[in-house]
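Colleague: Chains as they are written, first to last, in the numbering used here: chain S, 1 to 389; chain E, 390 to 778.
A virtual CB, placed ideally from N, CA and C, is assigned to each residue, including glycine.
Remember, it's a predicted structure, so these values are computed and weren't measured experimentally.
1) Determine the direct distance from the alpha carbon of residue 654/E to that of residue 544/E, and round the result to whole angstroms.
2) Give me the Cα-Cα distance between residue 662/E and residue 756/E, rounded to the nearest whole angstrom.
3) If contact means a Cβ-Cβ distance below 7 Å, which residues of the segment 737–751 of chain E contact chain S?
4) Under the DSSP definition of a beta bridge, which residues are partnered with residue 579/E?
5) Can you give me the C-alpha to C-alpha distance between residue 531/E and residue 709/E, rounded to a whole angstrom?
6) Secondary structure at residue 408/E, three-state DSSP: helix, strand or coil?
7) I'd like to know if the segment 251–269 of chain S and the segment 371–384 of chain S are in contact, where contact means that at least 3 CB-CB pairs between them fall below 8 Å.
8) With residue 328/S as the anchor, note down where its beta strand (DSSP E) starts and where it stops.
9) Would you say residue 335/S lies against chain E (beta-carbon separation less than 7 Å)?
10) Can you pull the DSSP bridge partners for residue 756/E?
11) Quick check on the DSSP output: what are the complete beta strand (DSSP E) runs of length 3 or more inside the segment 690–733 of chain E, in order along the chain?
12) Between residue 485/E and residue 493/E, what straight-line distance do the alpha-carbon atoms span, to the nearest angstrom?
13) Could you pull the start and end residues of the alpha helix (DSSP H) that residue 516/E belongs to?
14) Measuring CB to CB, does residue 184/S end up less than 7 Å from residue 108/S?
15) Give me whichever residues DSSP pairs with residue 158/S in a beta bridge.
16) Can you name the residues of chain S whose CB is closer than 8 Å to the CB of residue 600/E?
17) Report yes or no: is there a C-beta of chain S within less than 7 Å of the C-beta of residue 502/E?
18) Sort 198/S, 283/S, 204/S by Cα distance to residue 247/S and report the nearest one.
19) Does chain E have any CB closer than 7 Å to the CB of residue 266/S?
20) In the DSSP assignment, what are the bridge partners of residue 746/E?
21) To be precise: take each residue of the segment 266–294 of chain S, compare its Cβ to all Cβ atoms of chain E, and keep it if any distance is under 9 Å. Which residues remain?
22) Using CA coordinates, which residue listed in 4/S, 29/S, 110/S, 102/S is at the minimum distance from residue 44/S?
23) Kindly say whether residue 309/S, judged by its beta-carbon, lies nearer than 7 Å to any beta-carbon of chain E.
24) Who are the neighbours of residue 407/S on chain E, taking C-beta pairs under 7 Å?
25) State buried or exposed for residue 447/E, treating a residue as buried only when at least 16 other CB atoms are found within 10 Å of its CB.
26) Among all the DSSP beta bridges, which residues are the ones paired with residue 10/S?
27) What span of residues does the alpha helix (DSSP H) with residue 299/S cover, start to end?
28) Quick check: what's the CA-CA separation for residue 229/S versus residue 596/E?
29) Hey, could you find the ends of the beta strand (DSSP E) residue 642/E is sitting in?
30) Using three-state DSSP, classify residue 225/S as helix, strand or coil.
31) According to DSSP, simplified to helix, strand and coil, what is residue 621/E?
32) Can you tell me whether DSSP reads residue 394/E as helix, strand or coil?
33) Is it the case that the Cβ atoms of residue 693/E and residue 765/E are separated by a distance below 7 Å?
34) Determine contact between the segment 449–457 of chain E and the segment 332–344 of chain S, defined as no fewer than three beta-carbon pairs at a distance below 8 Å.
35) Report yes or no: is there a C-beta of chain E within less than 7 Å of the C-beta of residue 181/S?
36) Three-state secondary structure (DSSP) at residue 505/E?
Below, the structure written as structure tokens:
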């Protein structure tokens, strides 16, 4: 259902000839028909952010988003003033089509860095997408297909609130790191909420979800997460419920990204328990999630806890105070390291399922945090050694 | 020639039955016959440091090292008080053999984390190595073979000073990160220098070499670099020359580690030029060196500069102030990104040679730094997915 689950939105996904992949939909359009057109966004913090990010980050300051144009097949990143002009041209065309101002149009791109878009194709595609705009389930599905790159499946999610709906789509499978990911995400709701409510809900949700996943430790130049509200349900939501549902949507979509991590054969869920603070738990979880050696071991079905504690040991003491001699590690429920010493033999751990649950207990407090990553496989190297080359 | 190049040292490498690999030498002994027996060391900063590191870091405080016992086939890391007792037992036996005190014996181990050593084999091996101690070239070669793990070649280096000699051996191929690496290194000299001189020379040399290489971003629990001086040449070296030669030895051995990085097909040399400070240049170089996406692209012979600038863009502005719009990137001498925009087409870059030189110019100052890493290949995943499992 994706972005058309909520009332007041139309979408389309078309083949515009931007992507090198034959027959692939590569341009999506999402239009907010209102009555209200509140919008909020969270973006990559990469200093080399792409032209569409520069454009949209500025546009979103108005708190209003009437439409979003997204393309795969090219990131329009590190393309200088010409690239920025392309993003602007996209916004101007879409504004013209939907009878609004360019500053109310968000632009998202994903693909190869350092190449301009085939602008004529993009603009022709935008016109075609506009002609095909629909509020059907299929229209939402088409849009979610059009933003895929190395994704093997489209990623969408919906939640039914009390009197209103929320739905979303995301793309992303590689170049995924904490502090966002190479991902484009559009979430729509027909709840009657302000841009400020959207921004607050989104900031919290992203912090708890997309910022806690790590496929390969690489931060993108194009990450964009947008939340658009139409108010079409005429329902003013309970703020707590609304925030919770936006958080659930983001968590669900983030899990889908990790579940589709490039070449991955295992999803690794790392929970750091009994830490002195959530920040300490997060820092430890991220250090472990970033270990290539652990990720390789897991792809070989080996719960090698030496790879876990050696990563944990790189977190500075002022960031995460704990006594190494009190640290325990369990994998899939089997305690294989107790007090920094071997416990159960790691051959007792069942590694058959895709999901691997690593529980690290620091015994230095009461806080906890969970991060997600993938294993590192031959297929990941293959995908990224041969990417566009 | 390794550790027997300098006068006053004997060495041996024997097959003690510690390693699972049939017929592999796995225990080395290096003995300093004096007349002086100065020693200095640099160790991993991992909070889960191994028992031999705990032992040796404490022993080295005396400034005297009479002998070093090293083994592959087991790291004796995260093995609790039993593991520490094993390191102590090794030192006691060697002290007994060479007629000194245990606190003057350094202990180094490398291999799997979380398993005790087969102590009887280690002690029998130490006795055999003692019986075979020799100052010949072959004895040094044998020792360098005995410390290899996933290394495909032994790694040694020598330098002739004015009236004295320096030689060394190192092991390491994976789990190599800035701030040391999974590496054991023993350097010997017959120069007449104090423990303080050794420590100063070694600290500088390690900072400029082993701390600037990164095979896989993973920090070990066992890293140890030792410098032993016998004074047998009776030559008091010029301090600058001595420091310089120790630095050259470390740089040479560090380059050998990267040249033998697990599964690697390219060595990547990253120089960050015109930075505001050396620290800024180093931070940028390390961020780029840590990118799995870049490392995969290079293994596919693709100088994908988008992977370079997107990594560069993750370095916080307060760490490395620069204007992204003024950044340029050259690979193997071809400028492919100028002012954050495409320059020469990357197809013009010749990627045939093993070494790939990446030059990043920040245009924000006059400082520079170089770091080294390897590409990420199918073979790396294979080695680490199937490691000891």
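Modeller: Here's the rundown:
1) Here residue 544/E refers to the residue found at position 155 when the second chain is read from its first residue. Here residue 654/E refers to the residue found at position 265 when the second chain is read from its first residue. Straight-line Cα distance between these residues: approximately 18 Å.
2) As a position in the second chain, residue 662/E is number 273, starting the count at 1. As a position in the second chain, residue 756/E is number 367, starting the count at 1. If you take the alpha carbons of residue 662/E and residue 756/E, they lie about 6 Å apart.
3) Taking 7 Å as the upper bound on Cβ-Cβ separation, chain S lies near no residue of the segment 737–751 of chain E.
4) Taking the second chain and counting its residues from 1, one reaches residue 579/E at position 190. For residue 579/E, no pairing in a beta bridge is given by DSSP.
5) As a position in the second chain, residue 531/E is number 142, starting the count at 1. As a position in the second chain, residue 709/E is number 320, starting the count at 1. Residue 531/E and residue 709/E have their C-alpha atoms roughly 45 Å apart.
6) Numbered from 1 along the second chain, position 19 holds the residue referred to as residue 408/E. Of the three classes helix, strand and coil, the one that applies to residue 408/E here is coil, per DSSP.
7) A contact exists between the segment 251–269 of chain S and the segment 371–384 of chain S.
8) Your numbering for residue 328/S matches position 328 in the first chain. Segment 328–331, the beta strand (DSSP E) holding residue 328/S.
9) To locate residue 335/S, count along the first chain from 1; it is residue 335. Proximity of residue 335/S to chain E, defined by a Cβ-Cβ separation below 7 Å, is not satisfied.
10) As a position in the second chain, residue 756/E is number 367, starting the count at 1. In the DSSP assignment, residue 756/E forms a beta bridge with 664/E.
11) If only uninterrupted beta strand (DSSP E) runs of at least 3 residues are considered, those enclosed by the segment 690–733 of chain E are 717–720, 723–727.
12) Indexing the second chain from 1 puts residue 485/E at position 96. Indexing the second chain from 1 puts residue 493/E at position 104. Going by the C-alpha atoms only, they are around 11 Å apart.
13) Reading the second chain from its first residue, position 127 is the one you call residue 516/E. Run containing residue 516/E: 508–521, per the alpha helix (DSSP H) assignment.
14) As a position in the first chain, residue 184/S is number 184, starting the count at 1. As a position in the first chain, residue 108/S is number 108, starting the count at 1. At the C-beta level, residue 184/S and residue 108/S come within 7 Å of one another.
15) Here residue 158/S refers to the residue found at position 158 of the first chain. For residue 158/S, the beta-bridge partners assigned by DSSP are 167/S.
16) Within the second chain, residue 600/E is the residue found at index 211, counting from 1. None at all; the shortest Cβ gap to chain S is about 14 Å.
17) Working through the second chain from its first residue, we reach residue 502/E at position 113. Yes, its Cβ sits closer than 7 Å to a Cβ of chain S.
18) Walking along the first chain from the start, residue 247/S turns up at place 247. Answer by Cα proximity: 204/S.
19) On the first chain, residue 266/S is found 266 positions in, with the first residue counted as 1. No - not a single Cβ of chain E is within 7 Å of the one on residue 266/S.
20) Translated into the one-based positions of the second chain, residue 746/E becomes position 357. For residue 746/E, which the question treats as bridged, DSSP gives the partners 658/E.
21) Cβ contacts with chain E: 290, 291, 292, 293, 294.
22) Here residue 44/S refers to the residue found at position 44 when the first chain is read from its first residue. Taking only the C-alpha atoms, the option nearest residue 44/S is 110/S.
23) On the first chain, position 309 is the one that residue 309/S refers to. At least one CB atom of chain E sits nearer than 7 Å to the CB of residue 309/S.
24) Because chain S here runs from 1 to 389, residue 407/S falls outside it and cannot be looked at.
25) The residue labelled residue 447/E in the question sits at position 58 within the second chain. So residue 447/E ends up on the exposed side.
26) By 1-based counting over the first chain, the position of residue 10/S is 10. DSSP, once it has assigned bridges, lists 31/S as partnering residue 10/S.
27) What you label residue 299/S is simply residue 299 of the first chain in a count that begins at 1. Run containing residue 299/S: 292–299, per the alpha helix (DSSP H) assignment.
28) The sequence position of residue 229/S within the first chain is 229, counting from 1. The sequence position of residue 596/E within the second chain is 207, counting from 1. C-alpha of residue 229/S to C-alpha of residue 596/E: approximately 54 Å in a straight line.
29) Position 253 of the second chain holds residue 642/E. Residue 642/E -> not in any beta strand (DSSP E); alpha helix (DSSP H) instead, spanning 628–648.
30) Counting from 1 along the first chain, the entry for residue 225/S is found at position 225. Three-state DSSP puts residue 225/S in a strand.
31) Within the second chain, the letter at position 232 stands for residue 621/E. Three-state result, residue 621/E: coil.
32) Along the second chain, read from residue 1 onward, the residue named residue 394/E stands at position 5. It is coil, neither helix nor strand.
33) Stepping through the second chain from its first residue, residue 693/E is reached at position 304. Stepping through the second chain from its first residue, residue 765/E is reached at position 376. In this structure, residue 693/E keeps its C-beta atom at 7 Å or more from the C-beta atom of residue 765/E.
34) These segments do not touch.
35) The residue you call residue 181/S lines up with position 181 of the first chain. In this prediction, residue 181/S scores a pLDDT of 42, lower than 50, which makes its location untrustworthy; no coordinate-derived value is stated.
36) Here the question's residue 505/E lines up with position 116 in the second chain. Under the three-state reduction of DSSP output, residue 505/E falls in the coil class, being neither helix nor strand.
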